[in-house]
Amino acid sequence: MLAVSAAVKIVDFVKKFGDTVAVDGLNLEIYEGEIFGLLGPNGSGKSTTLLTIATVYKPTSGDIYVFGRSVTREGDEVRKYVGIAFQEPKAMWVDTLYELLLWHARVVGYSSAEAKSAVRDAMERLNLWEHRGKQFYQLSGGTRKKLEIAKVLIQRPRLAIFDEPTAQVDVITKHALWDVIRELRQEGSTVIVATNDMFEAERICERLAIMYRGRLGALGTVRELKDRIPGGDVVEIGYEGSREEVERAVSRLPSVGRYVLEDNRLIAYLNRGEEKAAEIVSLLTSAGVKVKRIMVQEPTLDDVFFYFTGARLREENQDVALNRGATPWAR
Amino acid sequence: MKDFIKACFLVAYRDLRRFWKFKHWLAAQLAMNLADVVIFALVLNNMVNRDYIPDYVKFMSTGVLAIATFASAFSIGREVGGEMRREVHHYLLSLPAPRAALAAGRFIGGALRGLVYQLAFIVLNLLVVGVPGPVQALAIAYTSLLFSLSMSALAIAVVSSTRDFNLQSTFRALIYYTLFFFSNVFYPKELISLRFPGPLAAVVTHAPISRAAEVYRWGFGYYQSLDPMALPEVTLWAIILLAVAALLYTRNLSRQ
Chain R
1 MLAVSAAVKI VDFVKKFGDT VAVDGLNLEI YEGEIFGLLG PNGSGKSTTL LTIATVYKPT
61 SGDIYVFGRS VTREGDEVRK YVGIAFQEPK AMWVDTLYEL LLWHARVVGY SSAEAKSAVR
121 DAMERLNLWE HRGKQFYQLS GGTRKKLEIA KVLIQRPRLA IFDEPTAQVD VITKHALWDV
181 IRELRQEGST VIVATNDMFE AERICERLAI MYRGRLGALG TVRELKDRIP GGDVVEIGYE
241 GSREEVERAV SRLPSVGRYV LEDNRLIAYL NRGEEKAAEI VSLLTSAGVK VKRIMVQEPT
301 LDDVFFYFTG ARLREENQDV ALNRGATPWA R
Chain V
1001 MKDFIKACFL VAYRDLRRFW KFKHWLAAQL AMNLADVVIF ALVLNNMVNR DYIPDYVKFM
1061 STGVLAIATF ASAFSIGREV GGEMRREVHH YLLSLPAPRA ALAAGRFIGG ALRGLVYQLA
1121 FIVLNLLVVG VPGPVQALAI AYTSLLFSLS MSALAIAVVS STRDFNLQST FRALIYYTLF
1181 FFSNVFYPKE LISLRFPGPL AAVVTHAPIS RAAEVYRWGF GYYQSLDPMA LPEVTLWAII
1241 LLAVAALLYT RNLSRQ
């Protein structure tokens, strides 16, 4: 058993299905008590990684440790810590919503009486109570997703995994689910959320990993990832004064990678735009340039995502087309 | 151990509870098995050779008890197959339960279905054939439990070998009909030997359904004596099938 320093420690994890490599040498640590986001395009290996953490799959090589327990050697122990809301809800069509949740509550450790109360609480919380008598096949896609969330809400596991929890759900439900995720974290759970929704990732995740073709593309907080895009922020300053003075002032700032001057506007591309904007304004003012307005725009998580994934798709397309080395991504 | 038993019980309970949801299937199955006795046996009773089968209704009623138990326990395979195709087993595999408890729970769930379903035919046999003594009752219960358990395990193991619906159905049907027809439910060994000289009669005699049917025939008083190898063979079949099925099912479940 490893010393418990991380909720999840993924070590050289490889997962193959026949000849297909789903995850290729993933190394990652997820800290206890954080909401961790797993981003990546379809087929990037997110779900495979989550299902292996939940011991549904076995690693082809490498290992994953959940609170210090190996998924390959201590699966029974790992499962005591983990609860997962699947991307595709898993149930047989003939069972009712209430039966599914009641049985789930019993199997995750509730007594008969406690189970009824916990199930009712979770169902009411997610507006599922009115659907309790419906069989699984009668449920809409959104209600099925809520069923998956309800399972985790009832279980309140030490490690809660959500695989694309808000796909197919309406905005109100989406916010309710985010509250559930935050509540679980508040109560001490570590939460992993796989998502394709950039807004969701930005709203609820403290750290993110971007996966691409089974590999780790990037890892960090949202801020760190945004800062990693060269010249990712845009600072736009409207001014009155000499163009030469502006050019002279800006050239004294090494942090400004690229800039454009047009129609009495300075458009600078740089990192940490919010911090640097004041510096630029100060330099312009001291050079006698009158600053009329300032606008700072940071890259969205979409930009980050495309930078670490879409860019590579373009590179690969060019590799194939031109049979030459990768072309650097440019904003 | 307590957790293991609890998980095992809950998995078994899940499968048993779902059994009632298939009321149309149950009704059809019940009608079919009763029709075997009511129509088939009553008609044939006056046509069969009384030297070999003194009373075909009694002979068939006890045989149908074995067939009904078998069919019902075997039906769990249909659902397990459906769950594998829809990846519902991913959910089961993620639950805080040991793999062995999951397998055992499912086998027991299937077995309980068989035992519950056979109750109607136990009553039929009590009415039509006779009332067993304490030893016979014990033998019937023992046979029912092991036979039902082993057929449930066999069905689960076979169906979990592939996620292809056509293959699942083919495997199930192949095993179902092999066990069904290569049994002495419809004809006693003596008649089979007359029609098929050679090893077939011996194979049929030692098949699991035949052995269960023999215990039932003796238990309800249709036969006066029981082949001393019948109960040990019921036990042996159960041990072999359960061991192989447990191995196959747990391997198939965690193959990925």
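Chains as they are written, first to last, in my numbering: chain R, 1 to 331; chain V, 1001 to 1256. From the three backbone atoms N, C-alpha and C, an ideal C-beta is built for every residue, glycine too.
Query, Result
"Just to confirm my understanding: we take proline 89 of chain R, look at its own chain, exclude 5 residues before and 5 after, and list those with CB closer than 6 Å. What are they?", "Arg144, Leu147 and Glu148"
"If we call anything under 8 Å between Cβ atoms a contact, is alanine 105 of chain R one with alanine 118 of chain R?", "yes"
"Using a Cβ-Cβ distance cut-off of 8 Å, determine whether isoleucine 336 of chain R contacts chain V.", "Outside the modelled stretch of chain R, which goes from 1 to 331, sits residue 336 of chain R, for which no answer is possible."
"Suppose you measure from the CA of phenylalanine 1040 of chain V to the CA of leucine 50 of chain R; what does that come to, to the nearest Å?", "56 Å"
"Who are glycine 83 of chain R's beta bridge partners in DSSP?", "R:Ala160"
"Using the rule of at least 16 other Cβ atoms within 10 Å of the residue's Cβ for burial, across every protein chain shown, is asparagine 271 of chain R buried or exposed?", "buried"
"Which residues in the same chain have their Cβ closer than 8 Å to the Cβ of alanine 6 of chain R, if we skip the five residues on either side of it in sequence?", "Glu29, Ile30, Tyr31, Glu32 and Tyr65"
"In chain order, what residues of the segment 1007-1021 of chain V put their CB closer than 7 Å to some CB of chain R?", "Ala1007, Leu1010, Arg1014, Arg1018 and Lys1021"
"Report the option in R:Pro230, R:Phe13 and R:Lys151 whose CA atom is closest to the CA atom of proline 299 of chain R.", "R:Pro230"
"For arginine 106 of chain R and chain V, any beta-carbon pair shorter than 8 Å?", "yes"
"If the cut is a Cβ gap below 7 Å, which residues of chain V does alanine 160 of chain R touch?", "Within chain V, no residue comes near alanine 160 of chain R; the closest Cβ sits about 12 Å away, beyond 7 Å."
"Do we get a CB-CB distance below 8 Å when we pair alanine 91 of chain R with the residues of chain V?", "yes"
"Does lysine 80 of chain R have its Cβ less than 8 Å from a Cβ in chain V?", "yes"
"Whole angstroms are fine: how far does the CA of isoleucine 1067 of chain V sit from the CA of valine 1128 of chain V?", "17 Å"
"Which residue marks the beginning of the beta strand (DSSP E) containing valine 1131 of chain V, and which one marks its end?", "Segment: none, valine 1131 of chain V is in no beta strand (DSSP E) and carries neither H nor E."
"Would you call the segment 1082-1090 of chain V and the segment 1210-1217 of chain V touching, i.e. three or more CB-CB distances under 8 Å?", "no"
"Going by other Cβ atoms of all chains shown within 10 Å of its Cβ, with 16 needed for buried, is alanine 1035 of chain V buried or exposed?", "exposed"
"To which residues of the same chain is glutamate 34 of chain R closer than 7 Å at the C-beta, ignoring the five residues directly before and after it?", "Thr190, Glu206 and Arg207"
"Ends of the alpha helix (DSSP H) at lysine 1023 of chain V?", "1023-1035"
"Which residue's Cα is closest to the Cα of aspartate 379 of chain R: R:Gly142, R:Gly220, R:Ile181 and R:Ser61?", "No answer is possible for residue 379 of chain R: it lies beyond the span of chain R, which begins at 1 and ends at 331."
"Out of V:Ala1097, V:Pro1228 and V:Ala1246, which one is the CA nearest neighbour of aspartate 76 of chain R?", "V:Ala1097"
"Let's test the definition: count the other Cβ atoms within 10 Å of the Cβ of arginine 79 of chain R and tell me whether it reaches 16, buried, or not, exposed.", "buried"
"With a threshold of 16 other CB atoms inside 10 Å of the CB of alanine 1243 of chain V, please say whether the residue is buried or exposed.", "exposed"
"Measuring CA to CA, which of V:Arg1251, V:Arg1018, V:Lys1006 and V:Tyr1187 is closest to glutamine 135 of chain R?", "V:Arg1018"
"Got a sec? Which residues, its chain only, sit under 7 Å from leucine 1247 of chain V by beta carbon, not counting five neighbours each side?", "none"
"Taking 8 Å as the cut-off, decide whether the C-beta atoms of arginine 265 of chain R and glutamate 240 of chain R are in contact.", "no"
"Is there a Cβ from chain V that is less than 8 Å from the Cβ of isoleucine 10 of chain R?", "no"
"Which first and last residues belong to the alpha helix (DSSP H) in which glycine 288 of chain R is found?", "Per DSSP, glycine 288 of chain R belongs to no alpha helix (DSSP H) and is neither H nor E."
"My assumption, with CB atoms under 8 Å, is that leucine 216 of chain R sits in contact with leucine 26 of chain R. Please give the rounded CB distance.", "6 Å"
"Using a Cβ-Cβ cutoff of 8 Å, what residues of the segment 1139-1160 of chain V are near chain R? List them in chain order.", "none"
"So, at 8 Å on beta carbons, what are the nonlocal neighbours of valine 291 of chain R in its own chain, with the 5 sequence-adjacent residues on each side left out?", "Ile237, Gly238, Tyr239, Val281, Leu284 and Thr285"
"Under 9 Å, CB to CB, which of the residues in the segment 1076-1094 of chain V have a partner in chain R?", "Glu1079, Gly1082, Glu1083, Arg1086, Glu1087, Val1088, His1089, His1090, Tyr1091, Leu1092, Leu1093 and Ser1094"
"What's the C-alpha gap between isoleucine 1053 of chain V and alanine 1155 of chain V?", "32 Å"
"Counting contacts by CB-CB distance shorter than 8 Å, is isoleucine 84 of chain R in contact with chain V?", "yes"
"Have a look at V:Pro1188, V:Asn1166, V:Phe1022 and V:Ala1104 and flag the residue whose alpha-carbon is nearest the alpha-carbon of phenylalanine 1004 of chain V.", "V:Ala1104"
"Note the first and the last residue of the continuous beta strand (DSSP E) segment covering threonine 55 of chain R.", "Note, threonine 55 of chain R: premise wrong, no beta strand (DSSP E); not H, not E."
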